[in-house]
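In case it helps, our numbering puts the sequence shown at residues 18 to 328.
We treat Cβ as the ideally placed atom computed from N, Cα and C, and that holds for glycine.
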Amino acid sequence: MGAMLETNHNIANIKRSSAINFSAEVFFDQLQFILGKELMDNLIVHSYGMNSRVRSKDVLDVSTEYISTTDNYKEFVVLHLARNSIYHQLPEILFYPLTISTPSMSGREIAEEIRKNRKKELANINFFTPFDTGFFKERVKVLNRHLNLFSDEKARQNLVDIARQIVGSDLPISEHEMHKLFLKLCNAESLKENIPELESLIKTVLELDVKIKYIPHFIKEEVFECLGEGQLGVTLGLNGEFRSELDDIEVAIMFAGKISNYNYLKQTIEIIRSILHFFVLSGRNIRVSYTVPTNTDLSLGFNYLGFDTNL
């Protein structure tokens with residue numbers, strides 16, 4: 018990998034590109050894309066602390082470092098970051114005395130103590146480097162799940178789990194269908210009561226051809242009391258069938274082939290009702306019918322009269 022990075026790619030050009038201005042996690046993702054290889058196992062992060070001079074830039078530099086192994090060497094990509102290490106976040110008293118000078122010390126002795134402390138600081142930062150690198154790798158993994166929401170397997174599974182909690186885990190559809198339904202629900206406002214779009218939605222999610230239309234809803238229940246039991250102007254009036262102001266929805270499923278499992282048919286009808294309830298007014302009844310290719314032959318024990326057989 019070292020030869021690839023040093024000879025096949027110009028590091029100076031990478032550092033001069035706009036990617037160097039990204040956050041370190043995004044820059045590392047772009048670096049892996051440019052090199053075309055996974056670098057997680059060959060990564061070292063050096064954090065130099067934050068100050069007013071470097072605060073606006075996350076990635077200070079990128080370089081390579083070679084570490085010897087038993088019979089060879091291993092190359093690491095080193096990210097130099099303007100971030101606080103674990104060392105910078107711990108109390109200073111853990112590593113240094115409250116004061117480095119005494120009244121009897123000369124200027125040269127004070128300068129020597131400062132140099133010693135700087136060496137000690139570098140050693141302490143190097144001690145915490147494996148921990149800083151480990152935490153950085155975890156942040157890269159989290160970012161990767163966000164950047165590759167639809168391609169990363171773990172991110173996709175997390176999305177499906179969230180969708181089942183929101184939509185309802187009892188809806189008997191596959192993970193792939195739940196994924197597609199959840200994406201449609203994210204745009205639910207533009208789909209409400211939109212008949213052509215709802216037909217397309219069922220086709221996308223369940224891969225079924227349907228025709229949806231409004232049909233009148235008639236109320237047949239008696240709404241007034243019987244004569245002699247009601248109050249005039251309140252509970253007395255003419256009973257009879259009348260049309261509701263709110264129409265119903267009729268869905269016609271057009272199956273492409275025969276249905277051998279009646280339970281599948283019942284389940285499909287309930288799934289369609291459940292999905293459409295997200296997109297139509299709650300006061301509407303949803304009636305579902307279906308069509309299947311019919312069979313003119315009647316074989317006892319194999320066909321259902323009125324279901325897949327006509328006489």
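Which two residues bound the contiguous beta strand (DSSP E) that contains Val227? That run of the beta strand (DSSP E) goes Asp226 to Ile232.
Is the Cβ-Cβ distance between Gln202 and Val177 less than 9 Å? Checking the sequence, you will find Leu at residue 202 rather than Gln. No, Cβ-Cβ distance for Leu202 and Val177 is not below 9 Å.
Cβ neighbours of Pro189 in the same chain (closer than 7 Å, five flanking residues each side left out): In the same chain as Pro189, and ignoring 5 residues on each side of it, the C-beta atoms closer than 7 Å to its own belong to Gln284 and Ile288, in chain order.
Apart from the five residues just before and just after Asp264, which ones in its own chain have a Cβ nearer than 8 Å to its Cβ? So the qualifying residues of the chain are Tyr231, Ile232, Pro233, His234 and Arg301.
Should Phe296 go down as buried or exposed, given a rule of 16 or more other Cβ atoms within 10 Å for buried? Buried.
I'd like to check one pair, Val76 with Phe50: are the Cβ atoms closer than 9 Å? Taking 9 Å as the cut-off, the Cβ atoms of Phe50 and Val76 do not count as close.
So what does DSSP say about Glu267, is it helix, strand or coil? Correct three-state label for Glu267: strand.
Can you tell me whether Glu194 is helix, strand or coil according to DSSP? Helix at Glu194.
Whole angstroms are fine: how far does the CA of Val79 sit from the CA of Ser35? Ser35 and Val79: Cα-Cα distance of roughly 14 Å.
Answer yes or no: do Ile276 and Val305 have a C-beta to C-beta separation smaller than 9 Å? Result no, Cβ atoms of Ile276 and Val305 do not sit closer than 9 Å.
Assuming Val95 contacts Thr81 under a Cβ cut-off of 8 Å, what Cβ separation, rounded to an integer in Å, is found between them? Yes, Val95 and Thr81 are in contact; Cβ-Cβ is about 7 Å, under 8 Å.
Does the CB of Ser102 have a neighbour CB from chain D at under 9 Å? Considering every chain present, this structure includes no chain D. It has just one protein chain.
Name, in chain order, the residues that DSSP records as bridge partners for Tyr281. Bridge partners of Tyr281 according to DSSP: none are assigned.
Terminal residues of the continuous alpha helix (DSSP H) containing Val222? Ile212 to Leu223 is the span of the alpha helix (DSSP H), which, as asked, contains Val222.
Can you tell which of Leu215, Tyr104 and Leu60 has the C-alpha that lies nearest to the C-alpha of Thr150? Ranking the options by Cα distance to Thr150, first place goes to Leu60.
May I have the straight-line CA-CA distance separating Lys171 from Ser217, to the nearest angstrom? Cα to Cα, the separation comes out at about 29 Å.
Suppose you measure from the CA of Leu63 to the CA of Asn89; what does that come to, to the nearest Å? Residue 63 is actually His in this sequence, not Leu. The alpha-carbon atoms of His63 and Asn89 are separated by roughly 24 Å.
Do Ile303 and Ile266 have their CB atoms nearer than 9 Å? For Ile303 and Ile266, yes; Cβs fall inside 9 Å.
Is it the case that the Cβ atoms of Leu215 and Ile236 are separated by a distance below 9 Å? No. Outside cutoff.
Going by CA-CA distance only, name the one from Gln182, Leu298, Leu200 and Asp58 that's closest to Glu262. Taking only the C-alpha atoms, the option nearest Glu262 is Leu298.
So for Ala146, helix, strand or coil by DSSP? Looking at the sequence provided, one finds Thr at residue 146 rather than Ala. Here Thr146 sits in helix by DSSP.
Between which two residues does the alpha helix (DSSP H) harbouring Tyr104 extend? Residues Ile103 to Gln106.
Short Cβ contact (9 Å threshold) for Gly124 with Asn101: Annotated as distal: Gly124 and Asn101, with beta-carbon spacing of 9 Å or more.
From this set, Phe145, Glu210 and Phe199, which residue's C-alpha is nearest Thr221's C-alpha? Closest in C-alpha terms to Thr221, from the list Phe145, Glu210 and Phe199, comes Phe199.
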